[in-house]
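**Q** Have a look at the structure that comes next, please.
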Amino acid sequence: MSDRSSTGESGSIYYDDQEIIPDNGLKIETAPFGLEKLYDYEPGGHHPVHLDDVFNNRYRVIHKLGSGGFANVWLCRDLAAGLPKYVAAKVIAAEGSTAECPESRVGKLLETGCEREATAIYFSLPLDQFEIHGPNGTHYVFVYPVLGPRVSKLLHLSRLDDPGPQLRKICLEIAQAMATLHAHGICHGDFRPANILARIRGFDGLSEETVLEILGRPETTKVILVSGETHTLKTAPQYLIYPVKWDEVLLNPNNTSLTTGSACLTDFGESFESSSPPVEVGIPQVYYSPEQALEGKVGEASDLWALGCTLFEVRTGRKLFDTFDGDVDECLCKIALLLGKYPEPWWSETWASRRHFFQDEGDGDGKVVKVPRKPSTGNRTDAPQFHRPVYERPIPRSLEEIIREGAIFDVNKGPHVVVKDITTQESKIFADLLGRILNYNPKKRLSAEEVGQHEWFKL
165 MSDRSSTGES GSIYYDDQEI IPDNGLKIET APFGLEKLYD YEPGGHHPVH
215 LDDVFNNRYR VIHKLGSGGF ANVWLCRDLA AGLPKYVAAK VIAAEGSTAE
265 CPESRVGKLL ETGCEREATA IYFSLPLDQF EIHGPNGTHY VFVYPVLGPR
315 VSKLLHLSRL DDPGPQLRKI CLEIAQAMAT LHAHGICHGD FRPANILARI
365 RGFDGLSEET VLEILGRPET TKVILVSGET HTLKTAPQYL IYPVKWDEVL
415 LNPNNTSLTT GSACLTDFGE SFESSSPPVE VGIPQVYYSP EQALEGKVGE
465 ASDLWALGCT LFEVRTGRKL FDTFDGDVDE CLCKIALLLG KYPEPWWSET
515 WASRRHFFQD EGDGDGKVVK VPRKPSTGNR TDAPQFHRPV YERPIPRSLE
565 EIIREGAIFD VNKGPHVVVK DITTQESKIF ADLLGRILNY NPKKRLSAEE
615 VGQHEWFKL
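Every number in our numbering is 164 more than the matching position in the sequence shown, counting from 1.
Dropping the structure here:
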């Protein structure tokens with residue numbers, strides 16, 4: 165399986181100066197947004213799947229729930245059930261289908277004495293597991309209950325006068341999920357909104373026709389050769405399927421009661437035992453703790469930092485330390501601008517490029533001071549695009565200030581968004597909670613259990 169994860173890397177072919185064609189010579193007819201990569205349909209990669217395929221003589225594919233480089237997730241009807249029953253079948257790429265498959269790590273929750281009933285409250289546990297064999301190899305398949313969208317994208321809550329109580333309830337469950345993991349010696353390693361999904365009331369008992377009326381019928385795009393002809397490769401499907409568009413589903417007035425208002429933690433692919441932290445984990449850099457970014461240290465403390473970022477994102481619909489491209493230096497800058505100077509030796513020694521961005525000393529209020537922008541010389545070789553006058557949006561310099569900007573719901577997929585105010589009282593209390601989680605000293609951060617006991621959840 166190819167290890168390429170972005171366009172333009174070694175091994176891809178440029179086509180018409182824009183499109184990237186994988187080594188297998190295939191392309192699709194329409195936009196690739198939301199789809200898996202064609203170059204992952206090769207030995208070691210994804211299993212080619214079409215609608216109405218049946219896994220293990222039991223699970224028939226009727227739609228796609230999600231896609232990625234590690235696995236694709238399919239909405240299936242369970243043919244072994246009497247009444248209509250639906251499940252999510254996660255088909256792991258062949259290269260990842262080994263005895264050390266990260267997906268199976270969730271089983272450690274059960275091995276550590278945590279009862280299945282308790283874990284089922286916060287986590288998505290496999291209902292079934294088996295192997296399938298195809299042209300690209302052997303694939304592990306994990307069958308789960310069907311879940312909804314990520315909890316930071318519950319756009320239908322924009323219809324409420326005050327979505328705060330519902331979002332705080334979800335945030336409490338998120339904190340309790342982490343507390344359960346940490347109590348059993350497990351770190352999640354990739355704790356972020358993308359891996360926390362909303363529970364739905366389920367489709368069991370409904371006809372397939374009704375389910376597809378709710379979710380929308382599958383949209384496909386044909387897979388063809390670069391020449392435009394139909395391909396005959398066994399390693400790739402004849403078409404790719406776009407995942408369910410949850411934004412559209414939840415904004416439909418007929419589906420207002422589809423979600424239960426509860427959260428479910430998923431994707432344990434980066435999880436590890438607290439006593440044996442790995443060298444690194446694959447969490448996106450915008451959720452890195454300072455000690456992870458500067459020293460490569462991961463553990464319960466870095467999980468907690470990610471929890472703080474996640475709580476903010478779920479409550480406000482915005483990333484706390486949003487960046488243009490996820491660059492580590494940019495992330496560190498965003499953190500310093502909001503939370504202040506890093507302690508030594510991080511500030512003066514560990515962060516090698518810090519002096520490119522900030523002066524050694526802060527201002528009278530203890531805030532970091534940017535290095536003045538270099539004036540343009542007018543010479544085009546002097547990279548004038550970096551020095552020309554630009555409008556800079558005022559940057560919030562405290563947690564309370566950034567919280568007061570409100571909760572944003574991008575219901576129109578454009579510049580016009582719905583903004584719900586967050587009261588001054590809640591802003592102060594929420595800022596206190598986040599400040600206690602996002603402490604630069606890893607040892608002084610609130611534990612996940614302590615987070616769940618904070619006053620913010622009692623508003």
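Ideal Cβ placement from N, Cα and C applies to all residues, glycine included.
State buried or exposed for Val445, treating a residue as buried only when at least 16 other CB atoms are found within 10 Å of its CB.
**A** Under this definition Val445 is a buried residue.
**Q** From the DSSP secondary-structure annotation, give me the bridge partner or partners of Asn236.
**A** In the DSSP output, where bridge partners are listed per residue, Asn236 has Ser231, Val255.
**Q** Where does the unbroken beta strand (DSSP E) through Phe294 begin, and where does it stop?
**A** Run containing Phe294: 292-298, per the beta strand (DSSP E) assignment.
**Q** Under DSSP, the alpha helix (DSSP H) around Arg592 begins and ends at which residues?
**A** It should be pointed out that residue 592 corresponds to Lys in this sequence rather than to Arg. Segment 588-601, the alpha helix (DSSP H) holding Lys592.
**Q** Cα-Cα, which of Asp491, Lys584, Arg568 is closest to Val575?
**A** That would be Lys584, whose Cα lies nearest to the Cα of Val575.
**Q** Does DSSP put Lys483 in a helix, in a strand, or in coil?
**A** It is coil, neither helix nor strand.
**Q** If you draw a straight line from the C-alpha of Phe219 to the C-alpha of Thr420, how long is it?
**A** Near 32 Å, if we compare the C-alpha coordinates of Thr420 and Phe219.
**Q** Report the partner residues of Leu380 according to the DSSP bridge assignment.
**A** In the sequence as displayed, the identity of residue 380 is Gly instead of Leu. Answer is none; Gly380 lacks a bridge partner.
**Q** Under 8 Å, with one C-beta from each stretch per pair, do the region 311-326 and the region 592-608 reach the 3-pair mark?
**A** Flag = no, the region 311-326 and the region 592-608 do not touch.
**Q** Which same chain residues end up closer than 6 Å to Leu429 when comparing Cβ atoms and leaving out the 5 residues on each side of it in sequence?
**A** Correct list, in chain order: Tyr286, Phe287, Ala341, Ile360.
**Q** Helix, strand or coil: which one does DSSP assign to Val581?
**A** Val581: coil per DSSP, three-state reduction.
**Q** Where does Ile192 sit, in a helix, a strand or coil, going by DSSP?
**A** Strand, per DSSP.
**Q** Just the Cα atoms here: how many angstroms apart are Arg552 and Asp489?
**A** In this prediction, Arg552 has a pLDDT of 40, which is less than 50 and means its spatial position is unreliable; nothing more can be read from the coordinates.
**Q** Taking the alpha carbon of Val581 as the point to measure from, which residue in Glu590, Ala400, Arg482 has its own alpha carbon closest?
**A** Closest option to Val581, Cα to Cα, is Arg482.
**Q** Using a threshold of 8 Å, state whether the C-beta atoms of Pro357 and Arg314 are closer than that.
**A** A contact, by the Cβ cut-off of 8 Å.
**Q** According to DSSP, is Ile364 part of a helix, a strand, or is it coil?
**A** Three-state DSSP puts Ile364 in a strand.
**Q** Does DSSP classify Ile334 as helix, strand or coil?
**A** Correct three-state label for Ile334: helix.
**Q** Could you spell out the range, first to last residue, of the beta strand (DSSP E) harbouring Cys428?
**A** Counting along the chain, the beta strand (DSSP E) containing Cys428 begins and ends at 423-429.
**Q** Tell me whether Cys473 sits in a helix, a strand or coil according to DSSP, three-state version.
**A** It is helical.
**Q** Only counting the same chain, and skipping five residues up and downstream in sequence, which positions put a Cβ closer than 8 Å to that of Trp410?
**A** Around Trp410: Gly312, Pro313, Lys317.
**Q** Below 8 Å on the Cβ atoms is my contact criterion, and I expect Gly616 with Leu336 to pass it. Report the Cβ-Cβ distance as a whole number of Å.
**A** The Cβ separation is near 6 Å, so the contact holds.
**Q** Mind checking which residues open and close the beta strand (DSSP E) that includes Val307?
**A** Start and end: 301-308.
**Q** For Tyr555, which residues in the same chain have their Cβ closer than 8 Å to its Cβ, ignoring the five residues on either side in sequence?
**A** Bear in mind that the predicted position of Tyr555 carries a pLDDT of just 39, short of 50, making it too unreliable to give a figure here.
**Q** Have a look at Asp327 and Cys265 and give me their C-alpha separation to the nearest angstrom.
**A** The sequence shown places Pro at residue 327, not Asp. Those two C-alpha atoms are separated by around 38 Å.
**Q** Taking the alpha helix (DSSP H) that Leu496 falls in, what are its first and last residues?
**A** 492-503 is the extent of the alpha helix (DSSP H) around Leu496.
**Q** Quick one: grab the DSSP three-state call for Gln549.
**A** Only weak support exists for where Gln549 lies, its pLDDT of 44 falling under 50; the coordinates are left without a value.
**Q** If you count every other CB in all the chains shown that lies within 10 Å of the CB of Pro507, and 16 or more means buried, which is it?
**A** Pro507 comes out exposed.
**Q** Does DSSP put Glu437 in a helix, a strand or coil?
**A** Glu437: strand per DSSP, three-state reduction.
**Q** Under a Cβ-count criterion, where at least 16 other Cβ atoms within 10 Å of its own Cβ denotes burial, should Gly460 be classed as buried or exposed?
**A** That one is exposed.
**Q** In the DSSP output, which residue or residues are listed as bridge partners for Val225?
**A** DSSP output for Val225 lists Cys240 as bridge partner(s).
**Q** Quick check on the DSSP output: the beta strand (DSSP E) that includes Pro407 runs from which residue to which?
**A** Run containing Pro407: none; DSSP gives neither H nor E here.
**Q** Short check: CB of Val255 to CB of Val305, under 8 Å?
**A** For Val255 and Val305, yes; Cβs fall inside 8 Å.
**Q** What separation, rounded to the nearest whole angstrom, lies between the Cα atoms of Ile350 and Gly463?
**A** Roughly 9 Å separates the two Cα atoms.
**Q** From Arg518 to Leu502, what distance separates their C-alpha atoms?
**A** Roughly 15 Å between the two C-alpha positions.
**Q** Alpha carbon to alpha carbon, how far is Phe485 from Phe550? Give it in angstroms, no decimals.
**A** Note that Phe550 scores a pLDDT of 44, beneath 50, so its modelled location is shaky; the value from the coordinates is reported in the next line. In a straight line, the C-alpha of Phe550 is about 22 Å away from that of Phe485.
**Q** Residues in the same chain with beta-carbon distance under 6 Å from Arg568, minus the five sequence neighbours each way, listed in chain order, please.
**A** Closer than 6 Å at Cβ, skipping near neighbours: Ser591.
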